[in-house]
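Here's the structure, in structure tokens; my notes come after.
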Amino acid sequence: MSSTTTEPRRYDHLIDGTSVPSDADRLIRRDPSSGQLVAEYAHAGQGDVDLAVAAARRAFDDGPWPRLSGADRARLLRRFASLVDGARERLARLDSEEVGKPISIARGELQGVVAHIEYAASLAHTERGDAWTTLDTDFVAYASQVPLGVAALVVPWNFPALILAQKLPYALAAGCTTVIKPSEFTSSSAVEMVRLAHEAGIPAGAVNLVTGLGPTTGQTLTSHPDVDVVSFTGSTQTGRLVASAAGHNLKRIGLELGGKAANVVFADADLDRAADAAVYAAFINQGECCVSGARLLVQRSVADEFVAEVARRTRTLRVGSPADEATDIGPLIHGEHLERVLGYVTAGHESDATAITGGERLTDDGLDDGWFVAPTIFTGVAPTDRIFQEEIFGPVLSVVEFDDADDAVRLGNDTVYGLANALWTSDIATAHRVSARLRSGTVWVNTNVDGAPALAFGGTKDSGIGREVGHEGLREFTESKTIQIRSGNRQLPFPRRTGGTA
Ligand code: NAD
51 MSSTTTEPRR YDHLIDGTSV PSDADRLIRR DPSSGQLVAE YAHAGQGDVD
101 LAVAAARRAF DDGPWPRLSG ADRARLLRRF ASLVDGARER LARLDSEEVG
151 KPISIARGEL QGVVAHIEYA ASLAHTERGD AWTTLDTDFV AYASQVPLGV
201 AALVVPWNFP ALILAQKLPY ALAAGCTTVI KPSEFTSSSA VEMVRLAHEA
251 GIPAGAVNLV TGLGPTTGQT LTSHPDVDVV SFTGSTQTGR LVASAAGHNL
301 KRIGLELGGK AANVVFADAD LDRAADAAVY AAFINQGECC VSGARLLVQR
351 SVADEFVAEV ARRTRTLRVG SPADEATDIG PLIHGEHLER VLGYVTAGHE
401 SDATAITGGE RLTDDGLDDG WFVAPTIFTG VAPTDRIFQE EIFGPVLSVV
451 EFDDADDAVR LGNDTVYGLA NALWTSDIAT AHRVSARLRS GTVWVNTNVD
501 GAPALAFGGT KDSGIGREVG HEGLREFTES KTIQIRSGNR QLPFPRRTGG
551 TA
């Protein structure tokens, strides 16, 4: 099956506005639905990373970007947003083809990309400091938010353009200069977005990009002594490596890591809407989503009926070519990840759980060249089962029943992760009480996998450190600087000279 709708492409690094060829071997990307070659990227070794960081360092230390007025930075970011808006279809196709995500889903993400850049532009324009005017006679102080410096932005493969847009425009709005490292599986949209940033007039040295593998390019970049702040999105395992390197170098870090969200459905919820959202939350992006509602917790009194309906609706999902407008579920990112996800499916079969739908790899005609897994629902899952506890990052939903709100909260929090959770109820008191007790950076009430650029996003526990997007996202790239100004004499304890004041 061929789902490729763009020409194969070959990219180099983009350093100081110039295409720089690889100093290491090159990387090949194949369409995960067909195995066709779609892209070839450069692979940065130490030399390329040094060049990119040096370009960002010069642009920060001596270049115009950190010194532009907020209004000017905002104007250039708005121009960037407008160019990305014009290229949305192309960028959506690149992400669809390299991730294997359905084109309809990729298009929605590109709208989000534009919205983030526009929102970050508004922050660049309106960001302000603080002032203290009642400290003492003749003594005032103000604090400004100053950019941290060179920001390394490391992006995973599941939402390539969107996650880049959750970092890059906020870093730029703050006045930082950047080096981007996209995923080795999905680098094309990032390369093309960087070109658009330059075309918009954002200084070349403010936006640099190196492509390559994590343990080489990513590790070199995130531990580079001339990088001031690392914004990383990826697995918890890699996040720990990035955190230890940053700890050694004493850099600021933001870590957006794994998740295992609970989707809690109370009996008094609008069960029709909740059923649609349960399917959407579990299977969007083939389940390769950090906030996917991978644990469905259903109140026992409605569980049989509700879960049967979720399974019925899941069976209507169309698995197929990401380029097909009607496709709901595409292939997984690569063969190794397919094996990992199938390992969890096997673990589910071997436990006391029952796969009420799916539960296998799909190799029907048209799917045999890709990494397709049937959307799978396990019922009768024990909370101690691996499929309930661990992040599978595939289309596998685990269902557990609960009795009351206390039980739901206990099960919801029974994971090392704390990125997002959702709950469905028609009782406002339940909504407030349960959302307050679920430990995660986000709790959705009567919605799921939702958001807006103004709303800070991030995790607790093993899901990460810091918050991305919104005003808090901008502040991840700044630190406050306090200026204290005394305009009159201050009585000092010494030197003790007659009339000794300063
Ligand atoms: P990953 O950790 O393998 O890779 C993420 C990025 O880090 C890639 O660019 C990779 O090349 C790079 N990398 C790998 N090893 C590195 C190292 N030692 N030093 C520096 N960089 C390194 O993750 P992935 O497989 O690309 O993405 C899936 C994971 O990302 C899942 O766990 C998912 O939950 C998580 N994720 C989290 C969020 C969030 O916002 N919290 C969003 C999307 C994905």
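So the sequence shown is numbered by our numbering: it starts at 51 and just counts up by one.
Heads up, the beta-carbon is just placed ideally off N, CA and C, and yes, glycines get one too.
Exercise. Going by other Cβ atoms of all chains shown within 10 Å of its Cβ, with 16 needed for buried, is residue 334 buried or exposed?
Worked result: Residue environment for residue 334: buried (at least 16 other C-beta atoms within 10 angstroms of its C-beta).
For this session: Using alpha carbons as the reference points, say which of 184, 336 and 388 lies closest to residue 377.
Result: The residue from 184, 336 and 388 with its alpha-carbon nearest to that of residue 377 is 336.
Exercise. With respect to 7 Å, is the separation between the Cβ of residue 263 and the closest non-hydrogen atom of the ligand NAD below this value?
Worked result: Yes, the beta carbon of residue 263 sits closer than 7 Å to at least one heavy atom of the ligand NAD.
Exercise. Ends of the beta strand (DSSP E) at residue 181?
Worked result: Unbroken beta strand (DSSP E) run through residue 181: 180 to 186.
For this session: Could you check what DSSP says for residue 90 in three-state terms: helix, strand or coil?
Result: For residue 90, the secondary structure class from DSSP, reduced to helix, strand or coil, is strand.
Problem set entry | Inter-stretch contact (C-beta, 8 Å, three-pair minimum) for the segment 358 to 375 and the segment 487 to 494 | By the C-beta criterion, the segment 358 to 375 is judged not to be in contact with the segment 487 to 494, since fewer than 3 inter-stretch pairs fall below 8 Å.
Exercise. Do you know how far the Cα of residue 195 is from the Cα of residue 552?
Worked result: In this predicted model, residue 552 has a pLDDT of only 49, less than 50, meaning its place in the structure is not dependable enough to derive any value.
Exercise. Just checking my contact of residue 448 with residue 344 at CB under 8 Å: how many whole Å lie between their CB atoms?
Worked result: For residue 448 against residue 344, the beta-carbon gap comes to about 7 Å, under 8 Å, which counts as contact.
For this session: May I ask you to check if the CB of residue 526 is nearer than 7 Å to at least one heavy atom of the ligand NAD?
Result: Flag unset: Cβ of residue 526 not near the ligand NAD.
Exercise. Is it the case that the Cβ atoms of residue 89 and residue 148 are separated by a distance below 8 Å?
Worked result: Judged by their CB atoms, residue 89 and residue 148 are nearer to each other than the 8 Å cut-off.
Exercise. What is the DSSP secondary structure of residue 177, reduced to helix, strand or coil?
Worked result: Under the three-state reduction of DSSP, residue 177 is assigned to coil, being neither helix nor strand.
Exercise. Nearest-angstrom Cα distance between residue 585 and residue 118?
Worked result: Since the displayed the chain opens at 51 and closes at 552, residue 585 lies outside it and no answer follows.
Exercise. Does DSSP put residue 530 in a helix, a strand or coil?
Worked result: For residue 530, the secondary structure class from DSSP, reduced to helix, strand or coil, is strand.
For this session: Drop a sphere of 10 angstroms on the beta-carbon of residue 451, count the other beta-carbons inside from all chains shown, and report buried for 16 or more, exposed for fewer.
Result: Buried, because 16 or more other Cβ atoms sit within 10 Å of the Cβ of residue 451.
Problem set entry | Any non-hydrogen atom of the ligand NAD closer than 7 Å to residue 313 Cβ | The answer is no for residue 313.
For this session: Going by CA-CA distance only, name the one from 291, 137 and 418 that's closest to residue 245.
Result: When only C-alpha atoms are compared, the closest one is 137.
Exercise. Which residue or residues does DSSP assign as beta-bridge partners of residue 494?
Worked result: Its beta-bridge partners are 472.
For this session: Compare the beta carbon distance of residue 491 and residue 510 with 8 Å and say whether it is the shorter of the two.
Result: Yes.
Exercise. Just how far apart, CA to CA, sit residue 408 and residue 266?
Worked result: Spanning the two alpha carbons is a distance of roughly 37 Å.
Problem set entry | Near the ligand NAD: residue 440 beta-carbon under 7 Å from a heavy atom | Incorrect: residue 440 has no Cβ contact closer than 7 Å to the ligand NAD.
For this session: Please find out if some non-hydrogen atom of the ligand NAD comes closer than 7 Å to the beta-carbon of residue 499.
Result: No, Cβ of residue 499 sits at least 7 Å from all heavy atoms of the ligand NAD.
Problem set entry | Neighbourhood of residue 96 by C-beta distance below 7 Å, restricted to the same chain and skipping five residues each side | For residue 96, where only same-chain residues beyond five positions count, the Cβ hits under 7 Å are 270.
Exercise. Which of helix, strand or coil does DSSP assign to residue 451?
Worked result: Reduced to three states, the DSSP call for residue 451 is strand.
Exercise. Measuring CA to CA, which of 543, 325 and 358 is closest to residue 497?
Worked result: Comparing Cα positions, the closest option is 325.
Problem set entry | Contact check, residue 158 vs residue 256, beta carbons under 8 Å | Between residue 158 and residue 256, the C-beta spacing is not below 8 Å.
For this session: Assign residue 376 to one of three DSSP states: helix, strand, or coil.
Result: In the structure shown, residue 376 sits in coil (DSSP, three-state: anything other than H, G, I, E or B).
Problem set entry | Beta-carbon proximity of residue 401 to residue 435, cut-off 8 Å | The answer is yes: Cβ separation under 8 Å.
For this session: Below 8 Å on the Cβ atoms is my guess for residue 234 versus residue 263; work out the distance and round it to an integer in Å.
Result: About 5 Å; that satisfies the 8 Å criterion.
Problem set entry | At least 3 beta-carbon pairs within less than 8 Å: the segment 74 to 87 vs the segment 167 to 179 | No, the segment 74 to 87 does not touch the segment 167 to 179.
Exercise. Mind checking residue 208: buried by the 16 CB within 10 Å criterion, or exposed?
Worked result: Burial call: buried.
For this session: Give the range of the beta strand (DSSP E) segment to which residue 265 is assigned.
Result: No beta strand (DSSP E) holds residue 265; DSSP gives it neither H nor E.
Exercise. Within 7 Å: the Cβ of residue 493 and any heavy atom of the ligand NAD?
Worked result: Flag unset: Cβ of residue 493 not near the ligand NAD.
For this session: Could you tell me whether the Cβ atoms of residue 423 and residue 391 are closer together than 8 Å?
Result: It is a contact, given that the beta carbons lie within the stated cut-off.
For this session: Answer with buried or exposed for residue 219, where buried requires no fewer than 16 other C-beta atoms within 10 angstroms of its C-beta.
Result: Residue 219 counts as buried, since at least 16 other C-beta atoms from the protein chains shown sit within 10 angstroms of its C-beta.
Problem set entry | Separation of residue 230 from residue 260, as counted between CA atoms | Rounded to whole angstroms, residue 260 to residue 230 spans 6 Å at the Cα level.
Exercise. Whose C-beta lies closer than 6 Å to the C-beta of residue 471 among residues of the same chain, with five residues either side of it excluded?
Worked result: Within the same chain, residue 471 has close Cβ partners 311, 312, 462, 488, 490 and 493.
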